[in-house]
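Engineer: Chains as they are written, first to last, in this note's numbering: chain S, 1 to 546; chain G, 547 to 1092; chain C, 1093 to 1378; chain D, 1379 to 1664.
Here it is, the structure, as structure tokens.
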Amino acid sequence: MTSKNMKDKGVSVVFAGEAGQGIDTITLLISKIYKKCGYNVCLTKEYMSRIRGGINSSEIRISKDRVNAYTDTIDFLFALIPEAIEYLKKRITKETLIFKVEPSERYKNTYAAGMLFGLTAISSDIPEQMLRVFLEEKGEQVINKNLETFKKGYEKGRELSEEKAVKINIDASEEVKNEMFMNGTEAIALGCVAGGCNFISSYPMSPATGVFIELVKASDRFDIITEQAEDEISSMNMNIGAWYAGARAIVTTSGGGFDLMTEALSLAGIIESPMVIHIGQRPGPATGLPTKTEQGDLELALYAGHGEFPRIIYAPGSLEECYELAKAAFINADKYQMPVFLLSDQYLLERSYNIPVINVSEEKINQNIIKTEKDYKRYQFTDNGLSPRGIPGYGDGLVCVDSDEHDEDGHLTEDCDLRVKMIHKRRKKLDLALQNSIMPEFIGNPDYKILLLGWGSAKNSIIEALRLCKRNDLAFLHFKQVFPLPPETKKLLTKAKKLVAIENNTNGQLARLIRTEFCINIDKNILKYDGLPFSADKLAKEIGEL
Amino acid sequence: MTSKNMKDKGVSVVFAGEAGQGIDTITLLISKIYKKCGYNVCLTKEYMSRIRGGINSSEIRISKDRVNAYTDTIDFLFALIPEAIEYLKKRITKETLIFKVEPSERYKNTYAAGMLFGLTAISSDIPEQMLRVFLEEKGEQVINKNLETFKKGYEKGRELSEEKAVKINIDASEEVKNEMFMNGTEAIALGCVAGGCNFISSYPMSPATGVFIELVKASDRFDIITEQAEDEISSMNMNIGAWYAGARAIVTTSGGGFDLMTEALSLAGIIESPMVIHIGQRPGPATGLPTKTEQGDLELALYAGHGEFPRIIYAPGSLEECYELAKAAFINADKYQMPVFLLSDQYLLERSYNIPVINVSEEKINQNIIKTEKDYKRYQFTDNGLSPRGIPGYGDGLVCVDSDEHDEDGHLTEDCDLRVKMIHKRRKKLDLALQNSIMPEFIGNPDYKILLLGWGSAKNSIIEALRLCKRNDLAFLHFKQVFPLPPETKKLLTKAKKLVAIENNTNGQLARLIRTEFCINIDKNILKYDGLPFSADKLAKEIGEL
Amino acid sequence: MDAKIFDMPCADIAWCPGCGNFLILKSLKDALTELDIKPENLVMVSGVGSASKTPHYIRANVFDGLHGRILPPACAIKAVNPELTVVAVGGDGDMYGEGGNHLIHAIRRNSNITNIVHNNMLYCLTRKQASPSSSYGLITPVQTHGVTEEPFNPVAIAISAGATFVARAFCTDTEKTKEIIKKAILHKGYSLVDVLMPCVTFEVNSYKWFKENSYYLEQTDKVFSREEAFKKAIEIEKLPLGIFYIQEGKATFEENQTAYKDNKTPLVFREISRGKMINDLLHSYT
Amino acid sequence: MDAKIFDMPCADIAWCPGCGNFLILKSLKDALTELDIKPENLVMVSGVGSASKTPHYIRANVFDGLHGRILPPACAIKAVNPELTVVAVGGDGDMYGEGGNHLIHAIRRNSNITNIVHNNMLYCLTRKQASPSSSYGLITPVQTHGVTEEPFNPVAIAISAGATFVARAFCTDTEKTKEIIKKAILHKGYSLVDVLMPCVTFEVNSYKWFKENSYYLEQTDKVFSREEAFKKAIEIEKLPLGIFYIQEGKATFEENQTAYKDNKTPLVFREISRGKMINDLLHSYT
Ligand SMILES: Cc1ncc(C[n+]2csc(CCOP(=O)(O)OP(=O)(O)O)c2C)c(N)n1
Ligand SMILES: Cc1ncc(C[n+]2csc(CCOP(=O)(O)OP(=O)(O)O)c2C)c(N)n1
Ligand code: SF4
Ligand code: SF4
Ligand SMILES: [Mg+2]
Ligand SMILES: [Mg+2]
């Protein structure tokens, strides 16, 4: 790493230390400060499943251009404990500057932050001011102690900058200063609110609890009923009950918690209940690696729940998509009266970066609920399979739903012909949803030879890798709606000489789905399943060699 | 229907009436009597989810040749209630002889049985004797009343035979007299016992409870621990605990109950626990049609449980396969240290017919359990992925298993490299299992143009249909091991001009799996999803028109 | 109000002739009639089992969900629209077996719903297996040597879990059962009415047996304390019938929701128009 | 026996410095040592949570399963090999939230296992949410206005469900806790030891708070009746500590299995050689 290099492309800074040393807090604050100063920032964290001890690391990328993915490269490493260096050895190169934060320092994290700002020659005004605001509630003494530590660090940073001849001169931008800085969790929660979510019953589970917490935060302002249920089974059944009564509910969980909801998913299927399910994937099976990342539950979402019934699966890859697809999940669950999934993972949920402000026009949420007439039939047969949805207590009709196969009234039946009709009715809704699909995003040269395929969280890593590898024969197709797969996609796939699926799992689940749906073979899978996300730089090498 | 017809091919007799009228009891008894008299018999039942009332019907096929599938054709219908005729209207033809059992009769079922034996000109000795044995515990009065009724029915049957010129003269066979007569439930339970099952914890659910009941029956003689758990979650976790401690356990349930077990399935996956799971499929989603039949949960079994881990899925199609595959499930779960599924359904479980006696040679069950040494490591890395399995309290070692990703010792780890190694270890076991696959069965002309594909319970209906349609360009491939799909199969598939999958579900799940695994398209699906099984005669027409 | 208003003349009732379920259905309909509840404002929630078919035989809104999962949707429905009367009915398998965890936690939540359990001490729809409340020694095809596990005592458990209304009724006494159900519906908070009933088909407990082995608690003005109620609850020589415990005034689940702190309009009838507020929220991330 | 026999010197313990879990671990190891239990004959069963990591810090056989699903495998292990000592440990979330149904039904089953609950009245591993046993008013990122649900009272629930051994301990009193655990292990049947512990990191209940708000039951020779025990159990002003209830002599789950009626050899050590018997069985279908 030379200072020259950094000047235009930015730096990657890693803080590593034990849980409890405040790495989370400080890296978030640092990131916000850089953003406020006009730099593009991307913060990716990686940590262990414990409250104290162990080793965690957070990467802050600071750049002139947009940055929104993880890279392996470390330019500056701040090691808050000595073990951190060994722990990160694979990512450390000769170019990496390592700063060991003296064990004598009380506020190690603040000290390191000071060093960084000193090194990167950012005037200490904004950092100090934001630090002060951030610590406001902690009292004058803590603030002063921290500011003091910060200044010491800052001085040290300036010194080092001289000593190591670090000259960083990344351009700042006025525009960035006023952009939003958030993580996937926040973006999804905002999308839920925008989609009219007003009910959440969930059970804590990493990495999905955040969405619950964000919705609880929003609950006072947006009239959201919130309940931490006794278990996942209860939460899913509550949410379905809530939709039945006219609310718009979501459950947020991870694969293991979702397993317990699959029976109720099947219930939503047969009673044609709208439902929104957020699965924050993590490496399984079972408890697996609870705080790490993986895209291992696509097939689970596709086939969970016994019996056959339609569903929609969205997999956002960027903050904008987190917001848009969470919103779409509510709208389409309501519209098609079926469960809609949001598949995310730790990488997507806990990575923060800046994006242009999303503006919402004043709009009323259109609920597809009718006032019922006396002779209302919940499952009235119609041409497109959709029956007008009533709710109890609104109109003169009765709203009956039943987990058994049922007649148009919603009462149980064992009539074989009616059974077949009801299956067709439910299936038609999927045809309808398919006609209104959210298309995959095409990125790259339209005259591609090799088409990279990806879904969900891997998006930004793949896009950056594509940019870095600078090959003209490559393009990338990113699936946001993973199911049903839009049939238009087929053309794009058959046009390629070579199809390469890039997935953060073992089996290549998107590749398998494409075979299942289109009978098109995927030539190569680039898979990663060590609990860490794709890094743009490493991936660039891999696709460079295709 | 003319008597001439019946002479060589046998008759199909249906008893229909309310739950509570003893149709089950009498049709079973009748079937056993005919078998004892040397006739091939197949008994298929269909009923509603209620204890009294409604309409149920049971078909008894009596034949010179082997019969083991359901047909739509009804030669004789005994209607114990008038509504039964309307209910069965689609199966009634001009040829059907309908007998309405007078409402005045107290033991309608016995009366009808008498009629049948009279009609078919079976000497009343054996029936009366077996009726007497059957009613033994009910006391002399009940026996006499029943025998009286039986005789009245018998006379009536003789009369009718004259009146309607019914002349039945099916050949009996000495061989058949000593064959076994049982249903799929019993055959599976026997296979479990033969596979060394000595633990079952389950929760009642149609149509799978029968296997539980049969194992309870066997428990006193075979030292089987039995427990009706509070719910399916508990039962699955108990069974896994039982395997850990050295027992051989099974859970028996249906799709909805299995949903609740999927988290624990994932646990079995990561701790590499053997486990046997019997899913008696039924039409879903949710409660669906609880007493009807469907093959709708193949994809569920394939992908249930979060995260990625190996499994084996068997789907027996005949009584012999019920026995053999249940036994194989225990042997291979133990051998490969992974969950093994048995997929059945109401059609397979509750249909009885005669088969030649299965003989078992005196053999000890080989348990793959080692006595541990002091330095025992449950997950020791080996070439083929299998680590010797120890159990607590047997040897000097400690046996540690963990739902988190773990090291060789079985203690939790968050090491990314170890994670990858453990994934590879688990995957290797599937390669091993694949090498020892149970091959699909090929039936028909080796110079086929059209290849029919089926799995599980549809087998016998398809085989009979193949025979009935008399086309020489057709053959049938029956999958017993549905996953992993033996790669050798590919050749058979590519050889065909046309592939036709025949499945008792909506989506053609085997067809989808073949696309996923082999990227081979299935040209046509013959699907049935009204809750009833494929009937050989109707299916014969359909495949005749291919 | 006419009791017929809740009748479903076309329903093909799946229960056996003479089954206690019919009596409970009658008591429930009578109670609803006397309380002047409108079918359109009534939601009957149930699971799977013979008992759980009850909602199909009452003119009402119906949420017939999964076996054992009765209470979570019931609580949610009430929270989304507190103006609805929510009655959750199920069998002893539903409520005490598969649904045991929800029972305890719904009690803790104290939603204003009424929970009626048709307790035949048996799984009947699956053709006779023991339920958690089966008596010691009951022989079934699965419990061939008789039940050995401690019978589940719903009254005692509900009292320990903090239920605010706990009663036991006996189906044959339709008048008394009706009165108990009325009180349960009127009670603000979660109420449990465990209704003993025989199964005539599988011959588990007869009407006579119950008659001889139960007695009514004297319902004086004084209500029992939790300890006294517990003491009564664990009597098993003769089963006490009536209301064991009432705690008035405890806040319900709905009331505890911020959404209802200053605004009593049912959530479902509030307009969801969020554009402006969301814009503000989004901008707070800059 | 040397207490060190249960030590795991290499284990990287994930608990925070000063956490009550360390004290419970100590009491448990001491109890096991004094009872002269061999690590090879001990199976530690747990779920997921900070408390559930305990088995990794004791030299023993370990079955660390799913969150909340501790008791079903524990019961099974004991049934398959009754010669093992089976200790099931979990957090309050494990045992009273996710696992609530298994708790009640494991109690009814009465397997001869010991169940220790590290009750920090909190979900700690998932970073501070309320658990069923959290106190009214506890504020967390999910319960931003404080807990409103009735705290789960494990002692009262266990007594109502028919537990044969019910105790509450306080982690700081390691000597007393050790004694309680010893009695629990020696008890024939299911035993519950709910151990109160503070969470120093999230600052939920301090050592001091517990000290001031608890007292030890007088353990005279006389044991409490179920009613008396219940009465003690619902005291909340000051939490009683010690053994609330013991019922001796009740048959265990294992004992009730026919497999153990005439043959005490653990199931797992019996040879499974069935050829002849299966042949007979198969022929019974002819
Ligand atoms: C998850 C699940 N497990 C099992 C079943 C099968 N099942 C249906 S009803 C029932 C028991 C019903 O017993 P109870 O609730 O007491 O009602 P009853 O029929 O006795 O009135 C069971 C086990 C099911 N439908 N769903
Ligand atoms: C099915 C499932 N749901 C949720 C989780 C996430 N989870 C892990 S530990 C835990 C709570 C732990 O609380 P407790 O049992 O009290 O243990 P503590 O960490 O407080 O010691 C939860 C909810 C999980 N692992 N599995
Ligand atoms: S089996 Fe028993 S409880 Fe069930 S409906 Fe019939 S009589 Fe009633
Ligand atoms: S968070 Fe609290 S309970 Fe959890 S390990 Fe740390 S101190 Fe112990
Ligand atoms: Mg019942
Ligand atoms: Mg806890």
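Built from N, CA and C at the ideal position, the CB exists for glycine as well.
Around the C-beta of residue 1514 of chain D, are 16 or more other C-beta atoms found within 10 angstroms, so that it is buried, or is it exposed?
Structural biologist: Against the fourth sequence, residue 1514 of chain D aligns to sequence position 136. Result: exposed.
Engineer: For residue 1232 of chain C, which residues in chain D fall below 9 Å Cβ to Cβ?
Structural biologist: The residue you call residue 1232 of chain C lines up with position 140 of the third sequence. Correct list: empty, because the minimum Cβ distance to chain D is about 15 Å.
Engineer: Does any CB atom of chain C fall closer than 8 Å to the CB of residue 1647 of chain D?
Structural biologist: For the purposes of this step, residue 1647 of chain D is taken as residue 269 along the fourth sequence, with counting starting at 1. Answer no: the Cβ-Cβ gap between residue 1647 of chain D and chain C never drops below 8 Å.
Engineer: Less than 8 Å between C-beta atoms, sequence neighbours within five positions excluded: which residues of the same chain meet that for residue 1107 of chain C?
Structural biologist: Position 15 of the third sequence holds residue 1107 of chain C. So the qualifying residues of the chain are 1113, 1114, 1142, 1145.
Engineer: Should residue 6 of chain S be labelled buried (16 or more other beta-carbon atoms within 10 Å of its own) or exposed?
Structural biologist: On the first sequence, position 6 is the one that residue 6 of chain S refers to. With a pLDDT of only 48 at residue 6 of chain S, under the threshold of 50, the placement of this residue in the model should not be trusted; the figure read from the coordinates follows. Around the C-beta of residue 6 of chain S, 16 or more other C-beta atoms lie within 10 Å, and the residue is accordingly described as buried.
Engineer: Counting only Cβ-Cβ distances shorter than 9 Å, please list the residues of the stretch 481-510 of chain S near chain C, keeping chain order.
Structural biologist: none
Engineer: Can you say whether residue 1629 of chain D is buried or exposed, counting buried as having 16 or more other CB atoms within 10 angstroms of its CB?
Structural biologist: Here residue 1629 of chain D is taken as the residue at index 251 of the fourth sequence, counted from 1. So residue 1629 of chain D counts as exposed.
Engineer: Where does residue 559 of chain G land, buried or exposed, given buried means 16+ other C-beta within 10 angstroms?
Structural biologist: For the purposes of this step, residue 559 of chain G is taken as the residue at position 13 of the second sequence. Label assigned to residue 559 of chain G: buried.
Engineer: Cα-Cα, which of S:287, S:510, S:299 is closest to residue 958 of chain G?
Structural biologist: As a first step, residue 958 of chain G is located in the second sequence; it is residue number 412 there, counting from the start. Checking every option, the nearest Cα to that of residue 958 of chain G belongs to S:287.
Engineer: Which residues, taken in chain order from the stretch 812-825 of chain G, show a beta carbon closer than 8 Å to some beta carbon of chain S?
Structural biologist: 812, 813, 815, 816, 817
Engineer: What does a CB cutoff of less than 6 Å around residue 748 of chain G pick up in its chain, not counting 5 residues either side in sequence?
Structural biologist: For the purposes of this step, residue 748 of chain G is taken as residue 202 along the second sequence, with counting starting at 1. Correct list, in chain order: 758, 781, 797, 798.
Engineer: From the beta carbon of residue 1434 of chain D, is the nearest beta carbon of chain C less than 8 Å away?
Structural biologist: The residue you call residue 1434 of chain D lines up with position 56 of the fourth sequence. No, because no Cβ of chain C sits closer than 8 Å to the Cβ of residue 1434 of chain D.
Engineer: Where does the unbroken beta strand (DSSP E) through residue 824 of chain G begin, and where does it stop?
Structural biologist: Taking the second sequence and counting its residues from 1, the one referred to as residue 824 of chain G is at position 278. Residues 821-827.
Engineer: Going by the C-beta, is residue 1515 of chain D closer than 7 Å to any heavy atom of ligand 6?
Structural biologist: Taking the fourth sequence and counting its residues from 1, the one referred to as residue 1515 of chain D is at position 137. No.
Engineer: Near residue 1031 of chain G, what residues of its chain come up, given a Cβ to Cβ distance below 6 Å and the 5 sequence neighbours on each side ignored?
Structural biologist: Counting from one through the second sequence, the residue named residue 1031 of chain G turns up at place 485. Counting only Cβ-Cβ distances below 6 Å, and skipping sequence neighbours, we find 1063.
Engineer: I need the straight-line Cα distance from residue 934 of chain G to residue 1497 of chain D, nearest angstrom please.
Structural biologist: Translated into positions along the second sequence, residue 934 of chain G becomes position 388. Translated into positions along the fourth sequence, residue 1497 of chain D becomes position 119. Near 37 Å, if we compare the C-alpha coordinates of residue 1497 of chain D and residue 934 of chain G.
Engineer: Suppose the cutoff is 6 Å on Cβ atoms and the five residues either side in sequence are ignored; what does the same chain contact list for residue 476 of chain S look like?
Structural biologist: Taking the first residue of the first sequence as 1, we reach residue 476 of chain S at position 476. The residues 443, 444, 452, 462, 466, in chain order, have a CB closer than 6 Å to that of residue 476 of chain S in the same chain once the five nearest residues on each side in sequence are set aside.
Engineer: Using a Cβ-Cβ cutoff of 8 Å, what residues of the stretch 1499-1525 of chain D are near chain S? List them in chain order.
Structural biologist: 1501, 1502, 1503, 1504, 1505, 1507, 1508, 1510, 1519, 1520, 1521, 1522
Engineer: State whether the stretch 425-436 of chain S contacts the stretch 844-862 of chain G, with contact taken as three or more CB pairs (one from each stretch) at a distance under 8 Å.
Structural biologist: no
Engineer: Using DSSP with H/G/I as helix, E/B as strand and the rest coil, what is residue 1394 of chain D?
Structural biologist: Position 16 of the fourth sequence, counted from the start, is the residue given in the question as residue 1394 of chain D. Three-state result, residue 1394 of chain D: coil.
Engineer: Between residue 1194 of chain C and ligand 2, is there a pair consisting of the residue's CB and a ligand heavy atom that are separated by less than 7 Å?
Structural biologist: Along the third sequence, one-based indexing puts residue 1194 of chain C at 102. Every heavy atom of ligand 2 is 7 Å or more from the Cβ of residue 1194 of chain C, so no.
Engineer: Rounded to a whole number of angstroms, what is the C-alpha to C-alpha distance between residue 1247 of chain C and residue 1552 of chain D?
Structural biologist: As a working note, residue 1247 of chain C is residue 155 in the third sequence. As a working note, residue 1552 of chain D is residue 174 in the fourth sequence. Taking the straight line from one Cα to the other gives about 36 Å.
Engineer: Rounded to the nearest angstrom, what separates residue 746 of chain G and residue 393 of chain S at their Cα positions?
Structural biologist: By one-based count along the second sequence, residue 746 of chain G stands at place 200. By one-based count along the first sequence, residue 393 of chain S stands at place 393. Spanning the two alpha carbons is a distance of roughly 46 Å.
Engineer: Is residue 209 of chain S close to chain D? Criterion is C-beta to C-beta, closer than 8 Å.
Structural biologist: As a position in the first sequence, residue 209 of chain S is number 209, starting the count at 1. Chain D contact via Cβ: present.
Engineer: So which of S:71, S:48, S:10 has the shortest CA-CA distance to residue 460 of chain S?
Structural biologist: Locating residue 460 of chain S in the first sequence gives position 460, where the first residue counts as 1. Nearest option by C-alpha distance: S:71.
Engineer: Beta carbon of residue 806 of chain G, beta carbon of residue 778 of chain G: below 8 Å?
Structural biologist: Looking up residue 806 of chain G in the second sequence gives position 260. Looking up residue 778 of chain G in the second sequence gives position 232. Cβ atoms of residue 806 of chain G and residue 778 of chain G: closer than 8 Å.
Engineer: Note down, in chain order, each residue of its chain lying with its Cβ closer than 7 Å to the Cβ of residue 791 of chain G, except the 5 sequence neighbours on either side.
Structural biologist: As a first step, residue 791 of chain G is located in the second sequence; it is residue number 245 there, counting from the start. Result list for residue 791 of chain G: 937, 938, in chain order.
Engineer: Please identify the residue among G:621, G:571, G:770, G:900 whose C-alpha is closest to the C-alpha of residue 555 of chain G.
Structural biologist: In the second sequence, the residue the question calls residue 555 of chain G occupies position 9. Nearest option by C-alpha distance: G:621.
Engineer: Any beta-carbon of chain G closer than 8 Å to the one on residue 16 of chain S?
Structural biologist: To locate residue 16 of chain S, count along the first sequence from 1; it is residue 16. False, the Cβ-Cβ gap to chain G never drops below 8 Å.
Engineer: So residue 1136 of chain C is in the beta strand (DSSP E); what residue range does that whole segment cover?
Structural biologist: As a first step, residue 1136 of chain C is located in the third sequence; it is residue number 44 there, counting from the start. Element bounds for residue 1136 of chain C: 1134-1138.
Engineer: Which residues, in chain order, does the stretch 1262-1280 of chain C contribute to contact with chain G at a C-beta distance below 8 Å?
Structural biologist: From the stretch 1262-1280 of chain C, no residue has a Cβ closer than 8 Å to chain G.
Engineer: Between residue 1471 of chain D and ligand 2, is there a pair consisting of the residue's CB and a ligand heavy atom that are separated by less than 7 Å?
Structural biologist: Your numbering for residue 1471 of chain D matches position 93 in the fourth sequence. Yes, the beta carbon of residue 1471 of chain D sits closer than 7 Å to at least one heavy atom of ligand 2.
Engineer: Can you find the residues in the same chain that come closer than 6 Å, C-beta to C-beta, to residue 528 of chain S, ignoring five residues on each side of it along the sequence?
Structural biologist: On the first sequence, residue 528 of chain S is found 528 positions in, with the first residue counted as 1. When the five nearest sequence neighbours on each side are left out, the beta carbons in the same chain lying within less than 6 Å of the beta carbon of residue 528 of chain S are those of 504, 534, in order along the chain.
Engineer: Kindly identify the DSSP beta-bridge partner or partners of residue 1468 of chain D.
Structural biologist: The residue given as residue 1468 of chain D occupies position 90 in the fourth sequence. Paired residues: D:1495.
Engineer: Any heavy atom of ligand 5 inside 7 Å of the beta-carbon of residue 1141 of chain C?
Structural biologist: As a first step, residue 1141 of chain C must be located in the third sequence, where it is residue number 49. Yes - ligand 5 has a heavy atom lying nearer than 7 Å to the Cβ of residue 1141 of chain C.
Engineer: Apart from the five residues just before and just after residue 1506 of chain D, which ones in its own chain have a Cβ nearer than 7 Å to its Cβ?
Structural biologist: Taking the fourth sequence and counting its residues from 1, one reaches residue 1506 of chain D at position 128. Answer for residue 1506 of chain D: 1500, 1518, 1519, 1580, listed in chain order.
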